[in-house]
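The numbering used here applies: residue 972 is where the sequence shown begins, and numbers increase by one. By construction, the Cβ of each residue, glycine as well, lies at the ideal position given by its N, Cα and C atoms.
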Amino acid sequence: MITNGVEMLQKARAEHYAVPAFNVNNLEWAKAIILACEKMQSPVIMQVTGGAAKYMGNFKVAHDLIADMYEALGATVPVSIHLDHGTYAEVDEALDADFTSIMFDGSSLPLEENVAKTSEVAKKVHIHNKQLEGEVGTIGGEEDGVIADGELASLEDTLKVAQAGVDSLAVGIGNIHGPYPDNWKGLNLAHLKSISDMLYDKLGYDLPLVLHGGSGIPDDQVQAAIKLGISKVNVNTEGQLAFHKAIRNFVQADKDLEGKNYDPRRFLETGTEAIQAMCEDRITVFGSNGKA
Ligand SMILES: [Zn+2]
């Protein structure tokens, strides 16, 4: 079933596992992700950045590719079609294309403006019965050409964005986008616990928290973060690296020169299988297998 993901995230939060949020880049990604989640019986968030939507054509192409692939494969696990790091303008485009879940990323704006815009977007998103993820504090690294330094959001700022009507919240806890540098200090789990405790104290319920830049964080740290309230883990770079490595090995072993392996359906097959294997591995680490 294609859902807005609200219940999916609340269930994950209550039962201490995380829903995998895999970025979709093209047809091979859509297929590999759905096959992995169906096999593992995991709920899944399939997300698309503005850049990826532009690459595929537009948000409608991206949405329909996911929805039609889901139907074609006879999948049954809950799936949410999510806008990743949406700008103010992209929120409308994704809603028009029937995305079921939206991230509005106002983290680069001054706090008051982030809160005001997030709460405006929340009204729009909820009229359509869709899910909204907000972001507080910038998550470091590079995403679609936007480079930011990682920072820990203060508890005051976190509460303000949490109260702007979001259903889930991405928090900066030392995580960054893209490959992690050798001298990375690790996730700040103590800060995550403070955020989690403070939000429960002020809101009276557990708000699902989101970990961006999930690719490359040691598994034990991801699992510790999930215990502390992370209910959605974003995975993008890991899929790109798995795909690239498989295709590179295929070409370096001259397999592309055999028979009709120049046919893209054969040429890309090892890459697609590598993405599927990566997804299955992440699902096991996040504990979402069997939770569909
Ligand atoms: Zn992100």
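Close Cβ partners of residue i (< 8 angstroms) along its chain, the five nearest in sequence each way excluded
i, result
"alanine 983", "Ala989, Val990, Pro1014, Pro1179, Ser1202, Lys1203, Ser1259 and Lys1262"
"lysine 1094", "Gly1136"
"histidine 987", "Ile1197, Lys1198 and Gly1258"
"tyrosine 1233", "Asp1227"
Ligand 2 heavy atom lying under 8 angstroms from the CB of residue i
i, result
"glycine 1143", "The ligand content of the structure shown is limited to ligand 1, which means ligand 2 is not among them."
Anticipated Cβ contact below 8 angstroms, residue i with residue j, distance rounded
i, j, result
"alanine 1196", "leucine 1158", "6 angstroms"
"glycine 1057", "glycine 1021", "7 angstroms"
"glutamine 1266", "valine 1256", "Nothing can be reported for residue 1266, as the shown portion of the chain is limited to 972 through 1263."
"asparagine 1205", "leucine 1182", "7 angstroms"
"glycine 1200", "serine 1165", "Going by Cβ atoms, the distance from glycine 1200 to serine 1165 rounds to 11 angstroms, so no, they are not a contact pair."
"alanine 1124", "glycine 1105", "Contact doesn't hold; Cβ gap of about 11 angstroms is too wide."
Identity of the residue in the options nearest residue i by Cα
i, options, result
"phenylalanine 993", "Met1017, Met979 and Cys1008", "Met1017"
"leucine 1126", "Val1092, Leu1170 and Gly1105", "Leu1170"
"lysine 1216", "Asp1128, Glu1240 and Pro1235", "Glu1240"
"glutamate 1042", "Asp1225, Asn1220 and Lys1002", "Lys1002"
"serine 958", "Glu1122, Ser1072, Asn996 and Val1019", "Lying outside 972 to 1263, the shown extent of the chain, residue 958 is not represented and no answer is given."
"valine 1092", "Thr1109, Lys1231, Met1074 and Val1107", "Met1074"
"arginine 1237", "Ile1098, Gln1192, Glu999 and Leu980", "Glu999"
"leucine 1130", "Asn1100, Ser1090, Ile1110 and Leu1160", "Ser1090"
"histidine 1099", "Thr974, Gly1045 and Gly1108", "Thr974"
"aspartate 1069", "Gln1102, Gly1045, Ala1023 and Asp1234", "Gln1102"
"asparagine 1146", "Ala1124, Leu1199, Asp1128 and Gly1185", "Gly1185"
"isoleucine 1052", "Ile1110, Leu1044, Tyr1059 and Asp1039", "Asp1039"
"phenylalanine 1214", "Met1011, Tyr1059, Leu1054 and Asn997", "Asn997"
"proline 1189", "Leu1160, Lys1164, Asp1172 and Ser1165", "Leu1160"
"leucine 1054", "Ala1245, Met972, Val1107 and Val995", "Val995"
"leucine 1210", "Leu1199, Lys1198 and Gly1187", "The amino acid at residue 1210 is misidentified as leucine; the sequence shows glycine. Nearest C-alpha to glycine 1210: Gly1187."
"glutamine 1192", "Ile1144, Asp1225 and Tyr1233", "Ile1144"
"methionine 1249", "Leu1212, Pro1235 and Leu1044", "Leu1212"
"aspartate 1067", "Val1096, Pro1235 and Asp1128", "Val1096"
"glycine 1045", "Gln1012, Ala1024 and Ala1023", "Gln1012"
Beta-carbon contacts of residue i that lie in its chain and below 6 angstroms, excluding the five residues immediately before and after
i, result
"methionine 1027", "Ala1033"
"valine 977", "Gln1102 and Asp1138"
"methionine 979", "Val990, Pro1014 and Pro1049"
"arginine 1253", "Pro991 and Val1206"
Neighbourhood of residue i by C-beta distance below 7 angstroms, restricted to the same chain and skipping five residues each side
i, result
"phenylalanine 1221", "Asp1227 and Thr1241"
"alanine 1133", "Leu1140, Leu1170, Leu1174 and Leu1178"
"histidine 1162", "Leu1123 and Ile1144"
- request: Please determine if the segment 1165–1185 and the segment 1128–1138 are in contact, where contact requires at least 3 C-beta pairs separated by less than 8 angstroms.
  value: yes
Segment contact, 8 angstroms Cβ cut-off, at least three pairs: the segment 1085–1100 with the segment 1152–1165: Contact between the segment 1085–1100 and the segment 1152–1165 is absent, with fewer than three C-beta pairs closer than 8 angstroms.
message: If contact is defined by three or more beta carbon pairs under 8 angstroms, each pair taking one atom from either stretch, is the segment 1061–1070 in contact with the segment 1003–1014?
response: Look at the beta carbons and you see the segment 1003–1014 not touching the segment 1061–1070: under three pairs across the two are nearer than 8 angstroms.
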